[in-house]
Amino acid sequence: MISQNLENVFKKIENSALRSNRDPQEIKLIAVTKKVSIHNILECIKAGVNIIGENYVQEALSKIEKLPSHIEWHMIGHLQRNKVKYIIESCSMIQSVDSIELAEEISKRGKQINKIMPILIEVNQGEELTKTGVKNKDDIIKLVQHILTLPNLSLKGLMSIPPFFINPEDVRPFFRQLRELKDEINKIIPKANLTELSMGMSNDFEIAIEEGATMVRIGRAIFGERI
Ligand SMILES: *Cc1c(COP(=O)(O)O)cnc(C)c1O
807 MISQNLENVF
817 KKIENSALRS
827 NRDPQEIKLI
837 AVTKKVSIHN
847 ILECIKAGVN
857 IIGENYVQEA
867 LSKIEKLPSH
877 IEWHMIGHLQ
887 RNKVKYIIES
897 CSMIQSVDSI
907 ELAEEISKRG
917 KQINKIMPIL
927 IEVNQGEELT
937 KTGVKNKDDI
947 IKLVQHILTL
957 PNLSLKGLMS
967 IPPFFINPED
977 VRPFFRQLRE
987 LKDEINKIIP
997 KANLTELSMG
1007 MSNDFEIAIE
1017 EGATMVRIGR
1027 AIFGERI
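If you're matching positions, the sequence shown starts at 807 in our numbering and goes up one per residue.
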């Protein structure tokens, strides 16, 4: 079932990319594996996934050691500063950077092991609906500028979890807004050179791709409902 689901997801990614005149190769699938068993994760890896997204540090660490070494894992959940040290070595990208303090801690820990950590800034587009992510544009610009001064971070782009709508078309304006924000940051701060947009989940990834997503984070459409 997982391999079938995955095949459908890959097909939809390809179709959405082609529909919007994009190269399907430029869209990465992050299989979101919170609460998913090792057995099922291994099955999706066999079926072609090579990046997984995890929300919780403890859960991620206990799984990662049981997976093939070529598998990358991305931190996509809220990250506390005091947990950075646990994930700095094994994590391939931290998508949920939302404060100067967290950025500084990641850079500091990266420096200790001589690693430059790829990161995304998590943007809160839903206002009061979700707690995590940076809300206002001035704060985002300030964070970008600060990150560019930190030696062991490589800022790649933006991530967002927009509010949920029954009709996925309603999310489109949020995806478009995130793309426009990326373009605006690149205009104001050319050396930021942001290229990645991590947006789109099971319900709405096709629309996110049409609006420019380079990473889609998909859980339920691959593994079924979480229990
Ligand atoms: C759970 C989660 C996803 C995946 O959501 P699905 O609806 O299962 O596709 C994506 N991103 C984040 C940050 C998540 O927490």
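The beta-carbon is built from N, C-alpha and C at its ideal position, and this holds for glycine as well.
beta-carbon residue i near ligand 2 non-hydrogen atom, thresh 8 Å
i, result
"residue 1021", "You won't find ligand 2 in this model; what it holds is ligand 1."
Where the beta strand (DSSP E) through residue i begins and ends
i, result
"residue 834", "834-838"
"residue 1023", "1021-1024"
"residue 876", "Looking at the DSSP string, residue 876 is not in any beta strand (DSSP E), and its letter there is neither H nor E."
"residue 1003", "1002-1004"
Identity of the residues DSSP links to residue i by a beta bridge
i, result
"residue 1018", "Beta-bridge pairing links residue 1018 to no other residue."
"residue 1012", "In DSSP, residue 1012 forms no bridge with anything."
"residue 881", "860, 900"
"residue 940", "929"
Range of the contiguous alpha helix (DSSP H) that encloses residue i
i, result
"residue 847", "844-852"
"residue 961", "That residue, residue 961, is in no alpha helix (DSSP H); its beta strand (DSSP E) goes 959-966."
"residue 947", "943-953"
"residue 868", "863-870"
"residue 812", "808-825"
"residue 991", "978-994"
Other residues of its chain near residue i: CB distance less than 6 Å, five sequence neighbours each side excluded
i, result
"residue 872", "844"
"residue 853", "809, 812"
7 Å CB neighbourhood of residue i in its chain, flanking five on each side removed
i, result
"residue 884", "902, 938"
"residue 1029", "808, 842, 846"
Contacting residues, own chain, Cβ-Cβ under 8 Å from residue i (five flanking each side not counted)
i, result
"residue 1034", "Since the first residue of the chain shown is 807 and the last is 1033, residue 1034 is not available in this structure."
Every unbroken beta strand (DSSP E) inside the segment 883-930 [3 residues or more]: Taking only runs of at least 3 residues, the beta strand (DSSP E) segments lying wholly in the segment 883-930 are 899-903, 923-929.
For the pair the segment 966-984 and the segment 1013-1033, tell me if three or more CB-CB distances fall below 8 Å. With contact defined as three or more Cβ pairs closer than 8 Å, the segment 966-984 and the segment 1013-1033 are in contact.
Are the segment 866-883 and the segment 904-915 touching by the rule of at least three beta carbon pairs closer than 8 Å? Result no; under three Cβ-Cβ pairs closer than 8 Å.
Taking 8 Å as the cut-off, does the segment 808-826 touch the segment 859-869 (at least 3 CB pairs, one atom from each stretch)? Contact check between the segment 859-869 and the segment 808-826: fewer than three CB pairs, one atom from each, fall below 8 Å, which does not count as touching.
Inspect the CB distances between the segment 884-897 and the segment 836-853 and report whether three or more fall short of 8 Å. As far as the Cβ criterion goes, the segment 884-897 does not touch the segment 836-853, which means the pair count is below three.
Segment contact flag, the segment 919-931 with the segment 953-970, C-beta cutoff 8 Å, min 3 pairs: Short answer: they touch.
The segment 951-959 in contact with the segment 991-1011 per 3-pair CB rule at 8 Å: With a cut-off of 8 Å, the segment 991-1011 and the segment 951-959 count as touching, because enough Cβ pairs lie within range.
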